[in-house]
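J.: The structure's right below; bear with me while I get my questions together.
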Amino acid sequence: MTRLGDLERAVMDVLWDAVPATSDGVTVREVADALRGRELAYTTVMTVLDRLAGKGMVRRQREGRAWRYRAAASREAHIAQLMLDALDLGGSRDAALVRFARSVTGTEAEVLRAALGAEAGLTGGEQLTDRVDAPVPEPGRRADEAVER
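Residue numbers in the sequence shown follow my numbering, run continuously in steps of one, and reach 251 at the last position.
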């Protein structure tokens, strides 16, 4: 996934903040108005939206002679993809994940535990630490192939 430049990010923030997923989107004029403090030309905003559409970041739909734009994915989906892309930069994904996990706040750690628990389908009495402390599989083996303790 392509990282966004400053202006692209500002435009995406307008779309993420102003356009519900069920909406038909916003026009170039509406985005330009939302970015009024930046004193951008209408054509600059139009060009940025066109480039974002080309990158697959926004979807557009024709309405008369104009286009209506909306984000192709949520802000959260975009950030999650950036994180996954960062893990693919090289080195050890496991080491990067451990370092990340150690850097989050207590509240963020609880959110991660809950999400991992839900993803793993933990049952009533089972704790996430039961799975986290389980043996780590050898390279090339799936986690469910690890030897049970």
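Note that beta-carbon positions come from the ideal geometry of N, C-alpha and C, so glycine has one too.
Per DSSP, which one or two residues make a beta bridge with residue 160?
T.: 173
J.: Inspect the CB distances between the region 107-126 and the region 154-166 and report whether three or more fall short of 8 Å.
T.: yes
J.: What are the partner residues of residue 168, as DSSP defines its beta bridges?
T.: 165
J.: Should residue 148 go down as buried or exposed, given a rule of 16 or more other Cβ atoms within 10 Å for buried?
T.: buried
J.: Compare the Cα-Cα distances from residue 126 to each of 182, 150, 174 and 107 and report the closest residue.
T.: 174
J.: Suppose you measure from the CA of residue 204 to the CA of residue 194; what does that come to, to the nearest Å?
T.: 16 Å
J.: Can you tell me which residues form a DSSP beta bridge with residue 213?
T.: Bridge pairing for residue 213: absent [DSSP].
J.: Which residues does DSSP pair with residue 150 in a beta bridge?
T.: Beta-bridge pairing links residue 150 to no other residue.
J.: Given a cut-off of 8 Å, decide if residue 121 and residue 128 are closer than it, judged by their beta-carbon atoms.
T.: yes
J.: Closest to residue 169 by C-alpha separation, out of 200, 213, 152 and 138, would be which residue?
T.: It is 152.
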